[in-house]
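Working notes, structure below.
Residue numbers (UniProt numbering): 1 to 181.
Printed below as a string of structure tokens:
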């Protein structure tokens with residue numbers, strides 16, 4: 001059964017087509033609806049590759065120092081450890097599938113936490129958590145590591161994740177947004 005979550009702040013939506021738990025960690029497959037202006041900062045994933053397959057609109061990918069435009073039917077795989085970003089620079093909605101191999105329950109949790117925080121009014125207008133501990137937790141569980149100038153935040157996020165762990169904040173976020181009620 002597919003589950004769809006919606007971020008009421010940025011209006012993006014994610015449908016979980018295949019989850020890590022349902023595939024014994026083999027794969028995570030998401031269908032993403034990305035609104036104009038949406039996207040991610042430059043980052044990389046240490047533990048999984050990410051394949052983007054566009055079904056509607058044009059997705060802009062920054063990868064290997066180049067800007068790549070993916071239209072409906074186009075696909076691009078970003079291997080683990082490679083810095084990339086994606087965005088919707090058009091005025092139209094973009095719909096694409098993201099395939100993560102191996103599957104990542106943490107990545108799935110991060111989306112649920114981000115969208116849940118947005119629904120609870122705990123993010124800024126770009127959908128990022130107001131609380132730095134929450135931002136650090138999301139960054140860690142998603143295996144979304146900042147690249148470029150953002151990498152300077154890594155040691156600080158390490159400290160914040162330690163605080164989130166020992167204080168129980170990390171567990172509180174997971175219990176609130178990721179566990180079935």
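Every residue, glycine too, gets a C-beta built ideally from N, C-alpha and C.
For residue 166, the enclosing alpha helix (DSSP H) starts and ends at 154-167. Boundaries of the alpha helix (DSSP H) around residue 113: 105-119. Three or more beta-carbon pairs drawn from the region 84-101 and the region 53-66 are found closer than 8 Å, and the two stretches are therefore classed as touching. The distance from the Cβ of residue 131 to that of residue 122 is about 7 Å, consistent with a contact at the 8 Å cut-off. Runs of beta strand (DSSP E) with 3 or more residues, each lying fully within the region 10-63, are found at 13-18, 28-34, 49-56 and 58-63, listed in chain order. Judged by beta-carbon spacing, residue 104 lies beyond the 8 Å limit of residue 77, meaning their Cβ atoms are not closer than that value. The continuous alpha helix (DSSP H) containing residue 139 extends over residues 132-141. Residue pairing by DSSP places residue 101 opposite 49 in a beta bridge. Using a C-beta cut-off of 8 Å, the region 92-108 makes contact with the region 25-35, since at least three inter-stretch Cβ pairs fall below that distance. Spatial neighbours of residue 170 in its own chain (CB-CB distance under 7 Å, excluding positions within 5 residues in sequence) are listed in chain order as 137 and 164.
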